[in-house]
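Residues 15 to 352 in the working numbering are what the sequence shown lists, from first letter to last. Beta carbons are placed, not taken as given, at the ideal position from N, Cα and C, and that holds for glycine. Okay, so here's the structure we're looking at.
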Amino acid sequence: MTQLTSAPGPVAVAEAPRRRVSLPGGIDRVFRTVLRGAGLTVLALMATVGVFLLIRGLGAFSSAGFGFVTTQAWQPDSGNFGIAAVLVGTLLIASVALVVAFPLATGMALYISEYAPRRVRGFFTSLIDLMAAVPSVVYGLFGSTLLQWKGTDIPKWLSIQFGWIPFLDVPEADPDNPLSPNGVYMTSTFWAGLVVGFMIMPFICSVMRESFTQAPQGEREGAFALGSTRWGMIRSVVLPFGRSGMIGGTMLGLGRALGETIAVAMIISPVFVIQPHILGSGANSVSALIAQQWGSASPFGLGALMAAGLALFMLTLVVNFAASAVIARSRSGQGSDA
């Protein structure tokens, strides 16, 4: 007769004592100190720039008062000066640049990360990076000697077809007169924004491309397994996971567009009046104003230019802080529904 034996019960295993991790020391502490010093140095440099501009422009601020942000004219030696016109012009040029750059950058980033064959993906990536390395004066030459001379039919067509939109109207133009000069369509906000858009597009595209490639492969395959098309996968997986990169890249390009100087100065015909018609001749920006007036400005005029530079500096900081807040609220992948 076979004797049944009961199965042995669970055997208690003694837990090994946990290893205590000591505080970082030696090279880790040195590395942490170096990184902290680098961060504090950047903050100190930004604060130094702001304080320097404030001190040098304090006389202009005191003389102009609140009129510094409401006056359109720029005649500092006669006491009639302000940044209303150039500040609005700066925002308009940057807005046109974003309208041009954002769809181009998004389309190129999606093509490189999702559609381009692997053998040409590296070529397009290097080409985009090369565009970012081209000096701004080259873009300025391209715009001032070719685009605005040979491409006047573009703003002319836009003004004729969409002139009912206030900012696309050109009051000086006569569309019914075939002999009307094309000079009214040159040196405009449109051309400056177009060239600046070409300049910032590589920066936006690079950030977007890196963000799109971080979308998890499992999420991609899951979308395809559920019957999604490639565009459906991009819409439900890649774009939500790359949302913060899209916002960050766009804000990076906006900061570059707000401060662009040489290319804008080479294209525009400076006017010190708010010019809401972006297709019409005449535009201005804060950075172009500083570049054009610096060499011939009086001591008080230099102070006024410093004050204008401080306004541009503060505007850039506001844009970047706003971008940081938006990115913090739109974490990568939070909108994915795959």
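Quiz item: If you count every other CB in all the chains shown that lies within 10 Å of the CB of residue 295, and 16 or more means buried, which is it?
Solution: Burial state of residue 295 is buried, judged by a 10 Å Cβ sphere holding 16 or more other Cβ atoms.
Quiz item: Using CA coordinates, which residue listed in 207, 247 and 263 is at the minimum distance from residue 224?
Solution: Checking every option, the nearest Cα to that of residue 224 belongs to 263.
Quiz prompt | Backbone CA spacing between residue 404 and residue 293 [nearest angstrom] | solution = There is simply no residue 404 to check, as the chain begins at 15 and stops at 352 in what is shown.
Exercise. Could you tell me the distance, in whole angstroms, from the CA atom of residue 388 to the CA atom of residue 326?
Key: The structure shown has nothing for residue 388, since the chain only spans 15 to 352.
Exercise. Helix, strand or coil for residue 242, going by three-state DSSP, please let me know.
Key: In the structure shown, residue 242 falls within a coil segment according to DSSP collapsed to helix, strand and coil.
Quiz item: Straight-line CA distance for residue 186 to residue 198?
Solution: Between residue 186 and residue 198, the alpha-carbon positions lie close to 7 Å from each other.
Quiz prompt | For residue 297: DSSP bridge partner residues | solution = Residue pairing of residue 297 in beta bridges, as defined by DSSP: 284.
Self-check item: residue 240 versus residue 271: straight-line alpha-carbon distance, rounded
Solution: Distance between the alpha carbons of residue 240 and residue 271: 42 Å.
Practice problem: Under the assumption that residue 299 contacts residue 84 (Cβ atoms under 8 Å), give the Cβ distance between them as a whole number of angstroms. | Solution: The pair is not a contact, with the Cβ atoms about 18 Å apart (cut-off 8 Å).
Practice problem: Tell me, please, which residues DSSP counts as bridged to residue 89. | Solution: Residue pairing by DSSP places residue 89 opposite 94 in a beta bridge.
Quiz item: How do the stretch 276–291 and the stretch 151–161 stand: do at least 3 beta-carbon pairs fall below 8 Å, yes or no?
Solution: Note that the stretch 276–291 touches the stretch 151–161; at least 3 beta-carbon pairs, one per stretch, sit closer than 8 Å.
Self-check item: Element boundaries [alpha helix (DSSP H), containing residue 261]
Solution: That run of the alpha helix (DSSP H) goes 257–273.
Exercise. Just the C-alpha distance for residue 64 and residue 337, rounded to the nearest angstrom, thanks.
Key: Near 20 Å, if we compare the C-alpha coordinates of residue 337 and residue 64.
Practice problem: For residue 276, verify whether its CB is less than 7 Å away from any heavy atom of the ligand PLP. | Solution: In the structure shown, the ligand PLP is absent, as is every other ligand, since no ligand is present at all.
Quiz item: Distance, Cα to Cα, residue 98 vs residue 316?
Solution: The alpha-carbon separation between residue 98 and residue 316 amounts to approximately 18 Å.
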